[in-house]
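Chains as they are written, first to last, in my numbering: chain S, 1 to 189; chain A, 1001 to 1189.
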């Protein structure tokens, strides 16, 4: 199967190295990995039109894949990288199978509560809310916003949580990607 | 046209009120608004299966809509609500027209730099990076991660930035939604 490799590791200084390692892992399990860099865009320049072309090229790569495997480890905050989340929604709507993994072992609810630093309170209607902003704290026993967990599950994939000894921000670690590959390939069921 | 009303205002204490106000605005412009609450889920309980059912119900609502209008104002951090971003990717892949608005007038790049509190430096290859985490700071002159700006533009919609006098966190304000409605309806071109 063709697998689109999705996640914020494109922002790493050694992004190419990490993505090539994942591509090789795909081969080990009998699949073909495509990375967000597999486009015909020769030069990355800081313009809107370049960003636009990258976005459309990445959509085109997903279109030819059967599966998307996304790193949803919280990125610069308490939630997954928004580019990765877009790709999960896109792939789900295109009927692709989507697997996701995170190196943060806290639930979505726990991460939101950490964001509020304990300043939450029950609203008397079944939800906790931030004391100051009065926003609902989702408590569906999920790993991310419900759209992501629901879409991934319904696509035939799953969310895998993997404890990284180096901590959740070690985006270059590829063990989570391999766990998803194992599930996809029936090595783990 | 049928419009799916997407954004983090579902988390507000007065979510129903805000969403009904947006639905009425849709009618003013000759459209039909659908909200994420327009499902047949009678009771919201804190279980995975309830979250799953909500997610699939919201996908089904988008499926019957022609247009999605999303509030991408940064939510609990420097980026849009991940549920909203998922919906943008999903709608884009389904061929819907997607409009987005934000009440934060800073670019994506400016918000990321604020996240680093000035601790960024050029990497000598055209990008700035966080000094500590060495992650690329996207600089494509866009409002969000490039997947979102590119997908919205290619769908036939646009990203609208609206200065809210009360500040960007006033998620109940509906002026940004109306600006998108005006663009959709040809009142602004």
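Note that CB positions come from ideal geometry on N, CA and C, so glycine has one too.
Under the DSSP definition of a beta bridge, residue 74(S) lacks any partner.
For residue 1050(A), the C-beta contacts it makes with chain S under 7 angstroms involve 140, in order along the chain. Residues are counted here when their Cβ sits less than 8 angstroms from a Cβ of chain S; for the region 1074-1106 of chain A these are 1076, 1077, 1078, 1079, 1080, 1081, 1082, 1083, 1085, 1086, 1087, 1088, 1089, 1090, 1091, 1092, 1093, 1094, given in chain order. Per DSSP, residue 98(S) is one residue of the beta strand (DSSP E) stretching across 97-102.
In this structure, residue 1055(A) sits near residue 146(S), with a CB-CB distance shorter than 7 angstroms.
For residue 28(S), the uninterrupted alpha helix (DSSP H) segment begins and ends at 15-28.
For residue 13(S), the closest Cβ of chain A is nearer than 7 angstroms. If you look at residue 1033(A), you'll find it in the beta strand (DSSP E) that goes 1032-1034. Under the 7 angstroms criterion on CB atoms, residue 145(S) is classed as interfacial with respect to chain A.
Along the region 1020-1040 of chain A, none of the residues has a CB nearer than 9 angstroms to a CB of chain S. No Cβ of chain S is located within less than 7 angstroms of the beta carbon of residue 1004(A). Interface flag for residue 154(S) against chain A is set, since a Cβ pair is found closer than 7 angstroms. In this structure, the straight-line span from the alpha carbon of residue 88(S) to that of residue 152(S) is close to 8 angstroms. Assigned with DSSP and collapsed to three states, residue 1053(A) falls in helix. In this structure, the beta-carbon distance from residue 58(S) to residue 36(S) falls below 7 angstroms. With its beta carbon at least 7 angstroms from every one in chain A, residue 165(S) lies outside the interface.
The Cβ atoms of residue 161(S) and residue 105(S) sit closer than 7 angstroms to each other. Here residue 1046(A) carries a coil assignment [DSSP, helix/strand/coil]. Counting of Cβ neighbours within 10 angstroms places residue 47(S) among the exposed residues, the total staying below 16. Around residue 178(S), the same chain offers 25 as residues with beta carbons nearer than 6 angstroms, after the five sequence neighbours per side are excluded. Residues of the region 167-187 of chain S with a Cβ closer than 7 angstroms to any Cβ of chain A, in chain order: 169. Chain A has no Cβ within less than 7 angstroms of the Cβ of residue 57(S).
Residue 114(S) is outside the set of residues whose beta carbon lies under 7 angstroms from a beta carbon in chain A. Ranked by Cα distance from residue 110(S), the options 139(S), 63(S), 18(S) are led by 139(S).
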